[in-house]
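At position 97 of the sequence shown (counting the first as 1) the number is 97 in this note's numbering, and the numbers step up by one without a gap.
The block underneath contains the structure these notes are about, expressed in structure tokens.
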Amino acid sequence: MKMKNVLSIVACLTVLITLFSFNTNTFSKKGDTEWKNLKVLPKDISNDSLKGLMRGYNDALGVKCSYCHTSIEGTDKLDFAADTKKEKEFARHMITMTHKINAENFNWDNHPNPETIDVVSCTMCHRGTTNPSRTLKK
């Protein structure tokens with residue numbers, strides 16, 4: 001019985017030591033990456049936050065990254081900084097619009113970062129399609 005307790009404690013300590021050995025420098029933090037050509041999103045956005053946001057846009061519009069981002073010729077990679085597609089500029093406009101709507105209409109407690117309020121979102125109108133619905137579905 002004592003041996004089981006010792007083994008359990010050793011196992012827990014091993015897990016804790018492993019977790020603590022991954023300090024914050026191991027993972028991407030805000031400001032670690034210098035993004036190119038961010039005009040609407042925060043310049044210090046973390047890699048994980050940016051990817052999560054982009055996945056949300058993909059889902060909301062039912063598209064892949066290449067809908068807004070240009071392919072690099074001769075590769076299967078995208079040039080995320082390029083402004084060659086009109087859809088990217090439309091997306092910037094829509095992001096600005098939703099931030100403004102949320103900040104002006106849903107900032108009841110004078111939130112210090114009204115751009116982070118997420119009441120009105122892309123999905124509200126787009127519902128998985130590139131063209132937003134003109135009428136609300138019942």
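Backbone N, C-alpha and C define an ideal beta-carbon position, used for all residues, glycine too.
- Distance from A81 to K36 at the Cβ level is roughly 4 angstroms; contact confirmed, criterion being Cβ atoms closer than 8 angstroms.
- In this structure C65 is exposed. Its beta-carbon is surrounded by fewer than 16 other beta-carbon atoms within 10 angstroms.
- H126 counts as buried, since at least 16 other C-beta atoms from the protein chains shown sit within 10 angstroms of its C-beta.
- Linking A103 to G74 through their CA atoms gives a straight-line distance of about 43 angstroms.
- Pairing V119 with G56, the inter-Cα distance amounts to about 14 angstroms.
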